[in-house]
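Numbering (the numbering used here), first residue to last: 1090 to 1377.
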């Protein structure tokens, strides 16, 4: 990107696209702030005043610097915007998840839960989409910008690709159930931290248990590692049937496969995902 000048104006469309790709999707001020124009204010000259008749001690001032320059006052502490999740919040998430006796009740518990810092920056809770009575459940990692706006998983470009992948084996959103390990969008689409993932793990595990699908599809490495308790990479995991065991002991066959967002960046690997979905189609015939 080149600097703006009368002979070379900035392309606003490219600039906005750059901001969007960097995760900047909201304006915080009505007018731009020129940080380079801000100057450090000079300390005001103090006039001698008569001593105050008060028993309160005089405020302590910082000692002068050796070079003669004034020491700026320490900035006032900012109030915390959101709490960093801790073990107490993880325990609360497990308690709320286990108390939910239906998917609607689980959604209500998640909407009221304040123990994950991702909720503070997300617009919506992205709970699920599709048919909760379906035989197939797909689980991704976390919502993106489009999903955060609409409150539904997989509605952007990766969602459209997922729809085509499902249609190739005779399925659609009315015959599958779709969710994410993380129900709130990480700011700037960053990768969720391990602690954030552990905070949300009880909710997705309970969601799978309540939906009780016959086949589970893990979309991408983070979903597979979280729900299958493995550290292997997705290229090694994909194409091989694993088992997800619910809290009540139900074993659900699980197929790890490549995330649609990865396939958009690496289209040569679509053939691998196609093989995985054919395995799912064959498994559905076995369990029906």
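Glycine included, each C-beta is placed from N, C-alpha and C at the ideal position.
Residue i to residue j span [Cα, whole Å]
{"i": "residue 1215", "j": "residue 1235", "result": "11 angstroms"}
{"i": "residue 1345", "j": "residue 1315", "result": "11 angstroms"}
{"i": "residue 1148", "j": "residue 1273", "result": "Because the pLDDT at residue 1148 is just 49, under 50, the model does not fix this residue reliably, and the value given afterwards should be weighed accordingly. Whole-angstrom Cα-Cα distance: 46 angstroms."}
{"i": "residue 1375", "j": "residue 1307", "result": "19 angstroms"}
{"i": "residue 1178", "j": "residue 1209", "result": "15 angstroms"}
{"i": "residue 1200", "j": "residue 1186", "result": "12 angstroms"}
{"i": "residue 1277", "j": "residue 1347", "result": "22 angstroms"}
{"i": "residue 1311", "j": "residue 1103", "result": "32 angstroms"}
{"i": "residue 1373", "j": "residue 1224", "result": "8 angstroms"}
{"i": "residue 1197", "j": "residue 1101", "result": "42 angstroms"}
{"i": "residue 1261", "j": "residue 1245", "result": "16 angstroms"}
{"i": "residue 1283", "j": "residue 1301", "result": "26 angstroms"}
{"i": "residue 1195", "j": "residue 1287", "result": "17 angstroms"}
Residue nearest to residue i in terms of C-alpha spacing, selected from the options
{"i": "residue 1226", "options": "1251, 1178 and 1283", "result": "1251"}
{"i": "residue 1238", "options": "1338, 1352 and 1213", "result": "1213"}
{"i": "residue 1303", "options": "1102, 1369, 1364 and 1244", "result": "1369"}
{"i": "residue 1176", "options": "1289, 1190 and 1367", "result": "1289"}
{"i": "residue 1309", "options": "1298, 1299, 1321 and 1301", "result": "1321"}
{"i": "residue 1204", "options": "1333, 1193, 1285 and 1324", "result": "1285"}
{"i": "residue 1207", "options": "1340, 1106 and 1281", "result": "1281"}
{"i": "residue 1317", "options": "1244, 1219 and 1228", "result": "1228"}
{"i": "residue 1359", "options": "1220, 1262, 1211 and 1254", "result": "1254"}
{"i": "residue 1305", "options": "1275, 1341 and 1323", "result": "1341"}
{"i": "residue 1367", "options": "1323, 1241, 1192 and 1257", "result": "1257"}
{"i": "residue 1275", "options": "1323, 1319, 1211 and 1243", "result": "1211"}
Per-residue burial, residue i [other beta carbons within 10 Å of its own, 16 or more giving buried]
{"i": "residue 1188", "result": "exposed"}
{"i": "residue 1292", "result": "buried"}
{"i": "residue 1295", "result": "buried"}
{"i": "residue 1222", "result": "exposed"}
{"i": "residue 1180", "result": "exposed"}
{"i": "residue 1268", "result": "buried"}
{"i": "residue 1190", "result": "exposed"}
{"i": "residue 1106", "result": "exposed"}
{"i": "residue 1371", "result": "exposed"}
{"i": "residue 1134", "result": "Unreliable positioning characterises residue 1134 in this predicted model, as indicated by a pLDDT of 47, which lies under 50. The coordinate reading is nonetheless provided below. Per the 10 Å Cβ criterion, exposed."}
{"i": "residue 1377", "result": "exposed"}
{"i": "residue 1357", "result": "exposed"}
{"i": "residue 1248", "result": "buried"}
{"i": "residue 1326", "result": "buried"}
{"i": "residue 1324", "result": "exposed"}
Residue-level contact to chain B via CB, residue i, 8 angstroms cutoff
{"i": "residue 1209", "result": "Going by chain labels, chain B is absent from the structure shown, which holds only one protein chain."}
Nearest-angstrom Cβ-Cβ length linking residue i and residue j, presumed shorter than 8 angstroms
{"i": "residue 1350", "j": "residue 1331", "result": "About 21 angstroms; that fails the 8 angstroms criterion."}
{"i": "residue 1328", "j": "residue 1365", "result": "5 angstroms"}
{"i": "residue 1298", "j": "residue 1355", "result": "About 33 angstroms; that fails the 8 angstroms criterion."}
{"i": "residue 1352", "j": "residue 1362", "result": "6 angstroms"}
{"i": "residue 1271", "j": "residue 1231", "result": "4 angstroms"}
{"i": "residue 1219", "j": "residue 1263", "result": "7 angstroms"}
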